[in-house]
Amino acid sequence: MFIGFTGLDGAGKSTQSAKLSQFLRSLDRQCYVSESKDDLVAQTSQAIAKKYGKTHRSYFGAYAFELSKAFSSVRFHFSVIQPMLIQGIDIIDPRTNNCRLQLARSHGCENIDKVSEIYNLIQPYDLLFFIKIDPLIAYERINKRGTDCEVLEELISFNNQLEEKTPDFAIAIDGNQEADIIFDNIRERVLDAIAIQDKRV
């Protein structure tokens with residue numbers, strides 16, 4: 002299965018991905034967590050832009066940056082993800098292309114349809130979980146974590162795009178709850194999907 006999580010930073014996507022991977026392995030299923038938040042494009046572009054005292058988007062331009070991220074995601078999908086799916090390995094994606102696309106929209110990326118067209122080359126998810134969280138709660142979690150720096154207004158803008166543009170087939174989960182309660186909902190949906198998959202086999 003190809004399982005994705007979408008939602009704000011601080012929504013708990015990585016936490017739920019880790020819980021799900023442990024659960025799937027407990028069922029004797031092979032599983033790979035595709036955590037690509039800090040990919041090569043983001044790291045190198047940030048490092049270059051930092052030399053000039055700018056952000057990666059302001060230095061390279063939002064469209065150039067998002068376009069390079071989209072092509073990088075496609076290459077990773079076809080070189081790493083798809084071969085594992087063919088081998089019957091479950092793939093969990095904690096930061097889906099829906100996240101990347103809606104974040105690009107929230108930053109005012111021009112030619113967003115062209116960026117979207119590239120992401121559409123990637124295989125659709127069998128299950129897509131949308132962990133919905135209040136932006137203020139997400140902001141507080143990020144600050145408490147201390148590993149990232151986010152601007153509340155940008156989180157709100159990102160959240161608006163997620164609410165408006167996330168595909169209708171995504172399974173909405175209340176992310177304001179405790180992590181274990183969130184996972185109970187996710188586990189039940191995954192078990193249902195496994196049962197359907199087993200019937201097909």
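Position in the sequence shown counted from 1, then plus 1, gives you the working numbering.
Glycine included, C-beta positions come from ideal geometry on N, C-alpha and C.
Predicted, not measured: the structure shown is a model, and the values here were computed from it.
Taking C-beta separations shorter than 7 Å and ignoring five residues to either side along the sequence, the partners of G176 in its chain run G8, A12, G13, I132, K133, I134, I183, following chain order. Annotated three-state conformation of K133 is strand, per DSSP.
Contact check between the segment 154-169 and the segment 21-35: fewer than three CB pairs, one atom from each, fall below 8 Å, which does not count as touching. With respect to S18, P95 sits close: the two C-beta atoms are nearer than 7 Å. Note on A139: 16 or more other CB atoms within 10 angstroms of its CB, so buried under the neighbour-count rule. Y126 counts as buried, since no fewer than 16 other beta carbons sit within 10 angstroms of its beta carbon. Beta-bridge pairing by DSSP links A63 to no other residue. In terms of Cα proximity to L122, the closest of I82, Q103, V75, N160 is V75. In the three-state DSSP reduction, L128 falls in the strand class (E or B). Setting aside the 5 residues that flank it on each side, S73 is surrounded in the same chain by D40, L41, V42, each with a C-beta closer than 8 Å to its C-beta; the list follows chain order. For I123, no beta strand (DSSP E) encloses it, and the DSSP letter there is neither H nor E.
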